[in-house]
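Below is one structure, written out as structure tokens; the observations come after it.
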Amino acid sequence: MSEDVILKQSHMVYSSPYVGVEDRTYSHKGREYRYQVTTLPEFSVVGAVTKGGKILIVRQFRPGPGHFTYDLPAGMIDPGDTPAETAAKELLEETGYSGRIEPVTTTYVTAYSTAKKHIFLAFDCEKVAEPEEDPGVIGAPLGLERDEFKALLRSGEMLDLDVALILAARLGIPF
1 MSEDVILKQS HMVYSSPYVG VEDRTYSHKG REYRYQVTTL PEFSVVGAVT
51 KGGKILIVRQ FRPGPGHFTY DLPAGMIDPG DTPAETAAKE LLEETGYSGR
101 IEPVTTTYVT AYSTAKKHIF LAFDCEKVAE PEEDPGVIGA PLGLERDEFK
151 ALLRSGEMLD LDVALILAAR LGIPF
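So, in structure tokens, the structure goes:
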């Protein structure tokens, strides 16, 4: 907690292995504040570029929007794994590529979530395997040219836009 903000009560409204909803009441200077907070696991996201300069993304059906969107390789951190190990593992599983992983930063996903997003970039990526089949995922990896990636950034269909913009800045792609 920070300063004089006190957690008065907390109640789990819903819980599954992937997401929870917690009802929290805080007190600050004699006043109560009630919030609903999503509890999510930590995860890693990686913006990746091949040795040939293609930007690796994943086109996936997403149930929230109800249609296909574009993501960067990402996944929840398994017990015992580090965020960097997860970034490398997800890059390989989702695209079949492996490369030099560089840490960028860690941030919270939103102000109303416990989830931390660990951001990485990967360079000099080479294809070393076929992407793994995941029974819970409808999608496929893509390799985009710089101009295609720039257009995608402006399309409104790119999830993990913060990480994609960090990658674009690092590659000198103006937005």
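First residue of the sequence shown: 1, per the UniProt record's numbering; consecutive thereafter. The beta-carbon is built from N, C-alpha and C at its ideal position, and this holds for glycine as well. Keep in mind that this is a model prediction, so the values were computed, not measured.
- In the DSSP assignment, Asp23 forms a beta bridge with His11, Gln36.
- By the neighbour-count criterion, in which a residue is buried when 16 or more other Cβ atoms sit within 10 angstroms of its Cβ, Asp160 is buried.
- Taking a contact to require three or more Cβ pairs closer than 8 Å, the region 39 to 58 and the region 92 to 100 qualify as touching.
- The three-state reading of DSSP puts Thr86 in helix, counting H, G and I together.
- Taking Val13 as the centre and dropping the five residues before and after it, the same chain places the C-beta of Val21, Asp23 closer than 6 Å to its C-beta, in chain order.
- Taken through DSSP and simplified to helix, strand or coil, Val163 comes out as helix.
- Excluding the 5 residues flanking it on each side, Gly139 has same chain C-beta neighbours closer than 6 Å at Val58, Arg59, Gln60, in chain order.
- With fewer than 16 other CB atoms across the displayed protein chains lying within 10 angstroms of its CB, Glu145 is exposed.
- Here DSSP, grouped into helix, strand and coil, assigns Ala111 to coil.
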